[in-house]
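There are 2 protein chains.
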Amino acid sequence: MSAIQKNVEASSASYSASFTKGDLALPPAKKYLVLTCMDARIDPAQAFGIELGDAHVIRNAGASAVDALRSIVISEQLLGTTEIVLVKHTGCGMLTFKNEDAYAIVEKNLGPAAVDELKAKNLDFLPFPELDEAVKKDVAYIQASKLVPDSVTLSGWVYEVETGKTRRVV
Amino acid sequence: MSAIQKNVEASSASYSASFTKGDLALPPAKKYLVLTCMDARIDPAQAFGIELGDAHVIRNAGASAVDALRSIVISEQLLGTTEIVLVKHTGCGMLTFKNEDAYAIVEKNLGPAAVDELKAKNLDFLPFPELDEAVKKDVAYIQASKLVPDSVTLSGWVYEVETGKTRRVV
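As you go down the protein sequences, you meet chains A and B in turn.
For what it's worth, numbering that gives the first Met the number 0 labels the leading residue of the first sequence as 0, then goes sequentially.
For what it's worth, numbering that gives the first Met the number 0 labels the leading residue of the second sequence as 0, then goes sequentially.
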């Protein structure tokens with residue numbers, strides 16, 4: 000067992016020992032979802048004030064709305080959420096490369112068969128060159144989708160990994 | 000401003016007031032990633048023992064490895080993680096419907112134009128009928144991908160929303 004797997008088991012033992020929230024309902028109590036980045040420096044519950052049971056939390060590389068669409072539709076249409084809080088962040092890795100850079104790294108590290116798989120899956124890494132613009136663009140993408148009704152409340156934010164602050168963009 | 004947006008602003012003010020982790024590096028310090036569900040009843044940091052800065056956290060509907068592949072490749076190939084902890088959970092919404100049910104709900108709620116968008120985007124909601132099997136299947140999907148080298152350590156788990164425990168499946 001790896002050190003990380005041991006840590007999961009130890010954390011399970013200590014967390015469950017004082018766990019009292021076993022009766023929460025499946026649909027989020029406060030009917031919202033937070034879409035943010037997978038970045039290791041973000042703790043959404045703490046930074047954005049999410050209580051257990053209150054909100055869906057979707058996380059992917061860059062807080063991409065395009066990538067999250069499947070989860071957003073399930074959250075809205077099957078589980079009744081009516082508000083989306085989209086949060087990208089300063090210092091995001093997605094600001095540092097382009098698709099062709101990522102393809103080149105995959106080819107160097109893993110060889111041509113891996114690149115063939117990227118191409119077969121038509122994989123776009125969805126990097127973005129500018130932070131606030133990317134927040135606006137992703138909020139606009141959700142707004143434009145017929146899969147999210149106009150009644151859903153949207154906002155777009157930037158979390159600052161340097162300060163722990165979250166500021167609104169749109 | 001909505002009540003949820005006010006809560007983000009208030010949480011930002013209180014969290015940043017005592018924030019001391021502004022110097023963390025971009026790559027995860029413990030070089031691992033956790034892939035889990037967006038479910039509102041999961042707090043990965045607490046339940047799985049993730050310290051700020053230590054791990055990428057990817058979350059989507061059902062903790063789907065297929066859906067997470069883009070983020071996994073970025074984490075492994077661009078940001079140096081070498082271990083994946085995949086955690087699905089009891090009571091998951093993805094156990095409760097089939098693709099055709101979701102398509103029917105979207106059509107009823109949002110009309111034929113929304114279904115056209117689902118079809119144009121070839122959107123598979125990726126539900127699964129059995130929990131432990133789905134964990135094994137998703138770990139096998141990652142193992143089989145040429146985009147994740149054999150040197151990456153993999154494990155698959157189930158978090159119990161009723162007890163707060165996390166048990167290993169594979």
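Positions of the beta carbon are idealized from the N, C-alpha and C atoms, including for glycine.
Here DSSP, grouped into helix, strand and coil, assigns E116/A to helix. For L51/B, the chain A residues whose Cβ falls inside 7 angstroms of its Cβ are R40 and D42, in order along the chain. Of all residues in the segment 91-103 of chain A, those with a C-beta nearer than 9 angstroms to a C-beta of chain B are C91, G92, M93, T95, F96, D100 and A101, reading in chain order.
Residue pairing for E82/A: DSSP places it in a beta bridge opposite Y31/A and T152/A.
The DSSP-derived three-state label of I104/B is helix. Cβ atoms of V138/B and L85/B come within 8 angstroms of each other, at about 6 angstroms. Under the three-state reduction of DSSP, K87/B is assigned to strand. Inclusion of G52/B and A67/B in the CB contact set at 7 angstroms is not warranted, their separation being larger than that value. With respect to chain B, the C-beta atom of F18/A has a partner C-beta closer than 7 angstroms. Between D42/A and A44/B, the C-beta spacing is below 7 angstroms.
Taking a Cβ-Cβ threshold of 8 angstroms, the residues of chain B close to E116/A are S144, K145 and L146, in chain order. In the DSSP assignment, the residues bridged to N59/B are C36/B. Within the same chain, P126 come within 7 angstroms of K97/B by CB-CB distance, once the 5 residues on both sides are set aside. The beta carbon of L34/A lies closer than 6 angstroms to those of I57, A62, A67 and L85 in the same chain, with the five residues before and after it left out.
Per the C-alpha coordinates, the member of I73/A, K107/A, K87/A and K118/A positioned closest to A60/A is K87/A. If you draw a straight line from the Cα of G21/B to the Cα of A46/A, it comes to about 13 angstroms. In its own chain, leaving out the 5 sequence neighbours on each side, no residue places its CB closer than 6 angstroms to the CB of E99/A. Taking every protein chain shown into account, the CB of S74/A has 16 or more other CB atoms within 10 angstroms, so this residue is buried.
Using beta-carbon distances, K136/B does not count as an interface residue toward chain A, since no partner is under 7 angstroms. Selection L153/A, E159/A, N108/A and S144/A evaluated against P148/B yields N108/A as nearest (Cα-Cα). L146/A is the residue among E116/A, L146/A and K5/A whose C-alpha sits nearest the C-alpha of Q76/A. 7 angstroms or more divides the Cβ of Y31/A from the Cβ of E106/A. The Cβ atoms of G163/B and S15/A sit closer than 7 angstroms to each other. For F127/B, there is no enclosing alpha helix (DSSP H), as DSSP marks it with neither H nor E. Distance from the CA atom of P26/A to the CA atom of G90/B, rounded to whole angstroms, is 11 angstroms. For F124/A, the neighbours in chain B by C-beta distance under 7 angstroms run, in chain order, R69 and I73. The continuous alpha helix (DSSP H) containing L68/B extends over residues A64 to V72. Annotation: D149/B has no Cβ neighbours in chain A at a cutoff of 9 angstroms; minimum Cβ distance is about 10 angstroms. Here the C-alpha atom of V168/B lies approximately 14 angstroms from the C-alpha atom of S11/A.
Comparing alpha-carbon positions, the option among T19/A, L153/A and A113/A lying closest to R69/B turns out to be A113/A. Each of V160/A, T165/A and P128/A was checked against the Cα of A24/B, and the nearest Cα belongs to V160/A. Remark: C-beta atoms of T152/B and Y158/B do not approach each other more closely than 7 angstroms.
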